[in-house]
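Asks:
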Amino acid sequence: MSPEPSTGEIAHDESLRERLSANLARHDVQRHPGEGRKHAAVAVIVLDSDAELHGADPAFRGLTAEERREMLAAVPGAADDPMLTGDVEGTAGGAAVLLTRRGSHLRGHGGQWALPGGRLDAGETPLEAAMREADEEVGLRLTSDDLLGRLDDYPTRSGYVISPFVFWLSDDREPVANPAEVASVHRISMRELTRDDSPRFVSIPESDRPVVQIPIGGDLIHAPTGAVLYQFRAVAYDGLNTRVDELEQPVFAWS
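Just so we're aligned, residue -9 is where the sequence shown starts under the working numbering, counting upward by one.
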């Protein structure tokens, strides 16, 4: 087990790196055939974080309670949860995973939570695409030396198969948002990913599959990003054999 300080933070140390690497090495990766879908790849980047330096979420400052509720109106179950605020203020500290909030101007999934990633270029492997996208979106030049392992492919409602790769940063490389694609960059503590109330599952009338929700601060992360984070916690951290390809996305993420 990785040592956990009294703050509840999970230490970003060699013990954690070995734990994640060993569990991922044992995982039998499930790959999905294209079947007419486009192929994309994402990077789950594990790095250190400081609660004070990295814990802000300025996008939601100054919003009234009513404005916050309006922004959450399309989220399944949000109306019944008064604790949801839409922001992730105060969720950094210790070992963390890098999340981005997509620019609101983007044609696809604007304003939604995402992992660095995107569609494969011609001739690229999924791993190459994940590393290139991390460089383009958040300025992190990853290499195969940073790679810990791979999670299962996740087929999306919008016609993609997403291949997630897990990377470990142990140096002082700093992520910087590319404003053409990314509104903000956030270090989400692994303490948040391992909360007792995570994951959540809700039903929607449009599908017979459960919608997965990962609570982060006062917000909920949905599939595909939420499904990847759930499997990262279950497989890489907890050492379980958990599949997520049948977990549903909310309707707002279908197109």
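Glycine included, every Cβ here is placed at the ideal spot set by N, Cα and C.
1) Which same chain residues end up closer than 6 Å to residue 140 when comparing Cβ atoms and leaving out the 5 residues on each side of it in sequence?
2) So who's on the other strand from residue 0, going by DSSP bridges?
3) What do you reckon, are the CB atoms on residue 209 and residue 77 nearer than 8 Å?
4) What residue from 91, 30, 16 has the CA that sits closest to residue 173's CA?
5) Residue 30: which of 115, 41, 62, 7 sits nearest, CA to CA?
6) Which residue from 198, 192, 39 puts its Cα closest to that of residue 204?
7) Report yes if the CB atom of residue 168 is closer than 8 Å to the CB atom of residue 126, and no otherwise.
8) Checking 8 Å against the spacing of the C-beta atoms, do residue 201 and residue 240 come in under that value?
9) Can you grab the Cα-Cα spacing for the pair residue 7 / residue 38, in whole Å?
10) Go through its chain and collect everything with a Cβ distance to residue 231's Cβ below 8 Å, but skip five positions before and after it.
11) For residue 11, which option in 165, 121, 229 has the closest C-alpha, if you only look at C-alpha atoms?
12) Can you list, in chain order, the residues of its chain with a C-beta nearer than 7 Å to that of residue 162? Leave out the 5 residues immediately preceding and following it.
13) Jot down the residue ranges of each uninterrupted alpha helix (DSSP H) in the stretch 75 to 132, minimum 4 residues, whole runs only, in chain order.
14) Please report the Cβ distance between residue 32 and residue 152, rounded to the nearest whole angstrom; I am assuming they are in contact, meaning their Cβ atoms lie under 8 Å.
15) Relative to the C-alpha of residue 160, which residue among 113, 219, 86 is closest?
16) DSSP three-state call for residue 43: helix, strand or coil?
17) Given this structure, state the Cα-to-Cα distance separating residue 236 from residue 102, to the nearest angstrom.
18) Taking 8 Å as the limit between beta carbons, can you name the residues of its chain near residue 176, skipping five residues before and five after?
Replies: Taking the coordinates as given:
1) 19, 155
2) Residue 0 is not bridged to any residue.
3) yes
4) 91
5) 115
6) Taking only the C-alpha atoms, the option nearest residue 204 is 192.
7) yes
8) yes
9) 12 Å
10) 17, 18, 225
11) 229
12) none
13) 116 to 128
14) 6 Å
15) 86
16) Secondary structure at residue 43: helix, using DSSP grouped into helix, strand and coil.
17) 21 Å
18) 44, 47, 78, 81, 82, 88, 89, 90, 91
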